[in-house]
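J.: 17 is the number of the first residue of the sequence shown in the working numbering; add one for each residue after it. Yeah, the Cβ is synthetic: ideal placement off N, Cα and C, and Gly gets one too.
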Amino acid sequence: MASAEPEATWKKKAALSEAQRELHLPEHSLITECPTRWGSRQKMVGRVLEQRKALSQVLSEDRKTRHLVPSWQDIEVLESINNALRPLKEFTDALSGEAYSM
17 MASAEPEATW KKKAALSEAQ RELHLPEHSL ITECPTRWGS RQKMVGRVLE
67 QRKALSQVLS EDRKTRHLVP SWQDIEVLES INNALRPLKE FTDALSGEAY
117 SM
């Protein structure tokens, strides 16, 4: 059974790429949050929002993943989170930049 999972993942990635082309979206991969990287949650949420139409299309094509399609309420929450985290990410990026000196 474990060998079927990578194949399913590959098929979903290929389907996402196709949906991105059909919808004229940037062909970006999804981002995973990394607890040690400040700002990774905002990047992850931002990417989901950017790709929401393609994600919805791919997820709705399979009855096993159809329940994962974000609702309008989910999108509103993600937009609020993204808006709240964006200034914090910009601040931490500025602090960790090479041009920063004490």
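When the Cα atoms are used, what is the spatial distance from ARG102 to SER96?
T.: Those two C-alpha atoms are separated by around 10 Å.
J.: Measuring alpha carbon to alpha carbon, tell me which residue in GLU49, LEU75, SER87 is nearest GLY27.
T.: The sequence shown places Lys at residue 27, rather than the Gly named in the question. Comparing Cα positions, the closest option is LEU75.
J.: When you compare only the Cα positions, how much space is there between GLN36 and GLN89?
T.: Pairing GLN36 with GLN89, the inter-Cα distance amounts to about 23 Å.
J.: Please state if the CB of LEU32 and the CB of VAL61 are separated by a distance shorter than 8 Å.
T.: no
J.: Express the C-alpha separation of HIS40 and THR25 in angstroms, rounding to a whole number.
T.: 22 Å
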